[in-house]
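Numbering follows the working numbering, with no gaps: position 207 of the sequence shown is 207.
Below is one structure, written out as structure tokens, with a few remarks after it.
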Amino acid sequence: MAWLLPTGPKGPVGMSEWDMKVRIGYGLGTRSPTHDHDRFFALVDALEQRRFDSLWFSDRISGDAPDPVVAMAMAAARTSRMKLGMSVMVLPGRNPAVVAKQLASLDRLSGGRLLPAFGLGARDAVEHQAFGVRREERAALFGESLALIRRLWTGEVVDHDGDRFQMHGVQVLPRPAQDPIEVWLGGVAPSELRRVGRMGDGWLPSFCTPAEVEAGIATINDVAQHHDRHIDPEHFGALIAYAHGEVPDAIARFVQRRRPELDPTDVVPVGIDGVIERIRQFVDIGASKFVLLPLVEPTDWIPELDVIAERVLPLQT
């Protein structure tokens with residue numbers, strides 16, 4: 001399949017061939033001013049009209065951003081084509097039966113447009129308190145919760161006597177429209193990559209380099225094979241946080257604290273040309289599903305999304 005990259009101000013960005021379905025969505029961060037009626041629906045309408053593949057919402061109790069389930073439901077009711085995802089929804093601290101019911105209902109009512117992505121939550125003591133879990137409990141809670149959610153999505157009557165949850169005769173109906181719903185996970189730490197290989201159907205990391213994604217895909221596939229699992233090669237992607245001009249100071253400090261060996265621009269492309277080049281690099285190593293996230297949101301969504309639709313969306317195949 002030939003993929004003609006868009007023309008930029010300095011001429012053609014490039015040309016290559018990939019046998020993958022490249023898809024580009026858009027997302028909001030954990031601190032987003034897009035949480036009022038008019039601004040929220042201006043974004044939703046613009047993304048749907050410009051044929052972005054999907055819209056993603058972050059999950060942070062103490063963050064100035066809408067709850068992902070509520071936001072996805074509002075966006076689903078406003079649209080007919082665009083898929084909806086969370087990047088990522090925190091499972092530890094939530095009741096798995098309630099989560100299964102909420103997301104099955106959302107998938108059903110949206111016509112099968114849910115893209116569920118789950119995680120353990122931020123490394124933040126305030127968030128741990130808000131969810132009512134200790135940091136050391138999160139991994140075990142996550143594993144048991146995800147297994148239960150998947151069982152409940154089948155519509156079967158579930159009996160479960162686990163370390164943290166007990167259910168007898170619990171059934172979630174109606175079932176989701178998708179059968180099965182494929183679950184995406186995030187993270188780049190070794191334990192997180194192993195978790196994707198054991199439990200995930202797809203991988204959507206953030207703040208990572210193409211080399212890290214390439215190595216991560218190899219690790220995930222090795223772990224999946226060890227557990228007699230197979231992950232669709234179309235189910236690897238990345239959340240690409242981008243900036244216009246310089247990387248914001250708070251994000252630069254975050255990157256330097258967590259990844260002192262990197263320059264912030266190694267994981268945060270700058271400008272639309274930088275976004276296009278980063279997508280090309282990711283596709284070259286086997287990733288094909290992307291979520292763009294602006295680190296500083298524009299005052300007016302329309303000019304921003306017009307430029308991205310013109311320059312970046314032609315990368316979709």
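Virtual Cβ for every residue (Gly too), placed ideally from N, Cα, C.
A direct Cα-to-Cα measurement between Gly-155 and Arg-175 gives close to 6 Å. Taking a C-beta distance under 8 Å as the contact criterion, Ile-181 and Leu-114 qualify as a contact pair. Annotated three-state conformation of Ile-24 is strand, per DSSP.
Per DSSP, the continuous alpha helix (DSSP H) segment holding Leu-141 begins and ends at 138–153.
A straight-line Cα-Cα distance of about 30 Å links Ala-75 and Arg-195. DSSP places Ala-177 outside both helix and strand once states are collapsed to three, so it counts as coil. Per DSSP, reduced to three states, the secondary structure at Ile-61 is coil, with no helix or strand assignment. Sequence-distant partners of Ser-145 (beyond 5 residues in either direction) whose C-beta falls short of 6 Å from its own C-beta, in its chain, are Leu-91 and Pro-96. Short of 8 Å from the beta carbon of Arg-198, and not among the five residues preceding or following it, lie these beta carbons of its own chain, in chain order: Val-223, Ala-224, His-227 and Arg-229. Look at Ala-215 here: in three-state DSSP terms it is helix. DSSP places Ser-288 in the coil class of the three-state scheme, outside both helix and strand. Around Ile-251, the same chain offers Ala-241, Ala-243, Pro-264, Val-268 and Leu-295 as residues with beta carbons nearer than 8 Å, after the five sequence neighbours per side are excluded.
In the DSSP assignment, the residues bridged to Trp-184 are Ala-117 and Gly-202.
Bridge partners of Leu-293 according to DSSP: Ala-241.
Taking a 10 Å sphere around the C-beta of Gly-112, we find fewer than 16 other C-beta atoms and assign the residue as exposed. Boundaries around Val-170 are those of the beta strand (DSSP E), 166–170, since no alpha helix (DSSP H) includes it. Excluding five sequence positions before and after Trp-184, the CB atoms of its chain that fall closer than 6 Å to its own CB belong to Ala-117, Gly-202 and Leu-204, given in chain order. Among the bridge pairs identified by DSSP, His-160 is matched with Met-167.
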